[in-house]
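To start, the structure itself, in structure tokens.
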Amino acid sequence: MDFTLTEEQGAIRDLARAFAQKEIAPYAADWDRTHEFPAHVYEKMGAQGLMGLPFPEAYGGAGADAIATALAIEEISKADGSIGLTYAAHMGLGAAPIFLFGNEEQKREWLAPLAQGKGLGALSLTEPSGGSDLAGSVKTTARLDGDEWVLNGSKLYVTSGKVARSIIVLCRTAENQGHRGLSLIIVPHGAPGLMIGKLESKMGLHTSLTTQVFFEECRVPRENLLGEAGQGFRYTMQVLDGGRIGIGAMALGLGEAALDASVKYAQQREAFGKPIAEFQAIQHMLADSAMELEAARLLIYKAAALKQQGKKFSVEAAQAKLFATEAADRVCWKAIQIHGGAGYLTDFPVERYYRDNRLLLIGEGTSEVQRMIIARDLLANAYE
Amino acid sequence: MPYNIVALLKRVPDTESKITLRDNAVVTEGLNFVLDPYGEYGLEKALQLVEQHGGKVTAVLCGPADAKETIRKALAVGADDAVHLSDPAFEGGDAAATARVLAAALKQIPFDLIWSGKQAVDQDNAQVPERVAELLDLPHVNSVIEFTLAADGKTARCVREVDGERDVMTTTLPAIFTAQQGLGELRYPSLKGIMGAKKKPITDWNAAALGLDVAAVGAAGAKFQVIQLEPPPARPPGKIIPGDAQTAAQELARLLHEESKII
Ligand SMILES: Cc1cc2nc3c(=O)[nH]c(=O)nc-3n(C[C@H](O)[C@H](O)[C@H](O)COP(=O)(O)OP(=O)(O)OC[C@H]3O[C@@H](n4cnc5c(N)ncnc54)[C@H](O)[C@@H]3O)c2cc1C
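Protein sequences, first through last, are from chains A and B.
Each residue of the first sequence is one higher than the one before, starting from 20 at the first, in this note's numbering.
Each residue of the second sequence is one higher than the one before, starting from 632 at the first, in this note's numbering.
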């Protein structure tokens, strides 16, 4: 077992770190306050080759492995959670399904522009009636009319939905067939009948554009079906397995940022005549945070390594996502505690990390859903 | 017209790393290494010149066997190929001994101009490129902050900053130039560059390949001996002067006058 990064992984992490610390970190607090969408950052990330990190060079990607991809998400998120989420969702949700299930033509038309950073990708699963139980909640329908799919329904919480070049939509193409009636269809920006609802006002992740999306007799070409009809649920579960590594990496980045800020503050701030870092109570918080982040890191890299090797990684990804996001929640909580009153002010970054991380215990499967996945596997194997 | 440009680079510990010392040397184990920032400015200029005029950039680095990873950083940002000068006999050399190795290598590499950092941030010697220039009998301009090549391709115009003044110099090529901060930050590597760096050629030369006498290089060839190496004393903590603006200013003036004797 070798825990060292390969040279390429290290170089990609260094690039993402240098880029994030220079082009993103100094502005993150401002963007959080103004909610201004930093479009130019994604252009620069595209020019650098970051937007298509894990996809093959043939489509304009970089051909990097899953660990390098997690490292890049971690570094970007360390600087700005909103950009981290937009980035992770772009690759893991908006582009990955086309790479995994698309045919050659679809990859040329829909994956390549995303991999080259010429637009953002989105995936729309959740509906007003629910996100955890997708098979039971998805009511959006798509029916074939000649050479076109006609979509009707409404979706919630679509990350980047407002600006995405393409939105992959989970919809029902056959009635009364439960999860076997679901399919994934690519809906391009500006498709007739596609309406983008209002931007949601959120606790954090202020420049990640979360929107409602409506389909009213929305027409897209028949060729926009991804893979086979009726396989949409299975595809979605597979996509979410990969996406969860990205969400875990995001949490890791935010947690690291919170711990770095805590260490710095604890050494500067004095109380009772000495730096608060000298109090054991503070040291214990720092030590626990460092340990939890290290454990999260190992779970994330392990899940990514399994994915890269083409092995099963669903349970590992669920564990990594669950542990990393909840660990980062504790780390950010402690970071505010260590900062005292200052931690509660927006003058310091730790409250932003706390708010930004909070979504990660909910999106791409809540913590409860992750526990369900882990327990199901445990129990199923116990009876074998 | 196209130019063959050599960028002399040095591998140095990351400026953010904690340096520990043992037996009068820096403990390299566990250190994160980077390209020396001044060398990076020179490399950036070399890349820009080749973008404008065509040609190629060869990165040359003298360093231990495990410096390959650092060399590939230069290839990732766009150097076309690299030469790695590595031999246990090269280790422990002073500026003169290292310059001998570099000069021997440069005799085997066709070049129109050479870029180097004006100094390296690890030892701040600021001697190696000057010594290489002497050994190769080349003109040399140091601490360059602006650089242009004349249209005839035979001369270069350099600007240096000297005591707040701009010092403009021209020289014929081939020549050695050293980069000062302000010449331009090294670009980020692109992902394509990172993934492609492994496919670019790195030539390895040791003392034998360069026909160098091992007694003249490395520790054996060094005229310069480190007697003792110790970390700088810790900086005393800053002082906060309490009170309203008027009394604080008075106290500050008193301290500057009486304690630090600046005014
Ligand atoms: C900022 C943001 C961005 C998002 N981005 C996207 C996106 O890009 N695409 C997309 O499709 N969706 C997106 N979502 C939606 C997100 O994935 C869902 O909110 C999430 O899956 C939970 O679904 P829900 O909100 O409907 O909660 P519900 O499913 O209604 O769950 C409510 C509560 O019940 C719990 N619960 C549900 N079922 C069980 C059970 N069986 N056992 C125990 N507890 C249970 C849940 O854990 C939760 O605590 C986003 C959400 C937000 C807030």
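Using N, Cα and C, we set each Cβ at its ideal position, and we do this for glycine too.
Since this is a predicted model, take the numbers as computed values, not measurements.
Residue i beta carbon near ligand 1 (any heavy atom closer than 8 Å)
i      : result
A/A300 : no
B/Y819 : no
A/E345 : no
A/V206 : no
A/K221 : yes
A/V388 : yes
A/I381 : yes
B/R822 : Here the sequence assigns Leu to residue 822 of chain B, which means Arg is not the residue at that position. Every heavy atom of ligand 1 is 8 Å or more from the Cβ of B/L822, so no.
A/S185 : no
A/Y61  : no
A/Y176 : yes
A/L203 : no
B/T786 : no
A/M391 : yes
A/A394 : no
A/S173 : no
A/L224 : yes
A/A141 : yes
Residue i, DSSP secondary structure in three states
i      : result
B/T895 : Residue 895 of chain B cannot be examined here, being either before or after the span of chain B that is shown, 632 to 894.
A/Q405 : Since the first residue of chain A shown is 20 and the last is 403, residue 405 of chain A is not available in this structure.
B/M826 : helix
A/K41  : helix
B/G815 : coil
B/Q750 : coil
B/F721 : helix
A/H225 : coil
A/H54  : coil
A/L24  : coil
A/V388 : helix
A/M214 : strand
B/V668 : Reading off the sequence, residue 668 of chain B comes out as Pro, not Val. Correct three-state label for B/P668: helix.
A/R288 : coil
A/F298 : coil
A/T178 : strand
A/G140 : strand
A/H208 : coil
A/F233 : strand
Rounded straight-line distance, which links the Cα of residue j to that of residue i
i      : j      : result
A/Q356 : A/G103 : 24 Å
B/P695 : A/T255 : 49 Å
B/A582 : A/A114 : This structure cannot settle anything about residue 582 of chain B, because the visible part of chain B is limited to 632 through 894.
A/Q286 : B/P863 : 21 Å
A/K173 : A/R52  : The question names Lys, but residue 173 of chain A is Ser in the sequence shown. Going by the C-alpha atoms only, they are around 30 Å apart.
B/A850 : B/N837 : 15 Å
A/S281 : A/Y373 : 13 Å
A/F291 : A/F298 : 10 Å
A/K41  : A/E370 : 21 Å
A/L228 : B/A880 : 50 Å
B/L639 : B/K830 : 21 Å
A/I319 : A/F233 : 35 Å
A/V350 : A/H225 : 21 Å
A/K137 : A/E55  : 20 Å
A/L190 : A/K283 : It should be noted that the sequence gives Cys, not Leu, for residue 190 of chain A. A/C190 and A/K283: Cα-Cα distance of roughly 49 Å.
B/V688 : A/Q250 : 52 Å
A/E128 : A/Y46  : 34 Å
6 Å Cβ shell around residue i - same chain, five flanking residues per side excluded
i      : result
A/E93  : A268, L271 and G272
B/T834 : V714
B/V732 : C693, L716, F721 and V848
A/C237 : L170, A210, G212 and L213
B/S821 : none
A/V258 : A115 and P116
A/P207 : S185
A/R162 : V169
A/G265 : I92, A107 and G111
Residues near residue i by beta carbon distance below 8 Å, same chain, minus five either side
i      : result
A/S151 : G384, T385, E387 and V388
B/L886 : K870 and I872
B/E700 : F664
B/I894 : A884, L887 and H888
A/L72  : I31, G80, A81, A83, A87, T88, A91 and M110
B/S832 : With the sequence shown as reference, residue 832 of chain B is identified as Pro, and Ser is not the correct amino acid for it. Hits under 8 Å: D712 and A713.
A/K321 : E335 and A339
Chain-order list of residues whose beta-carbon lies under 7 Å from that of residue i (same chain, five-residue window excluded)
i     : result
A/I19 : There is no way to answer for residue 19 of chain A, as the model of chain A reaches only from 20 to 403.
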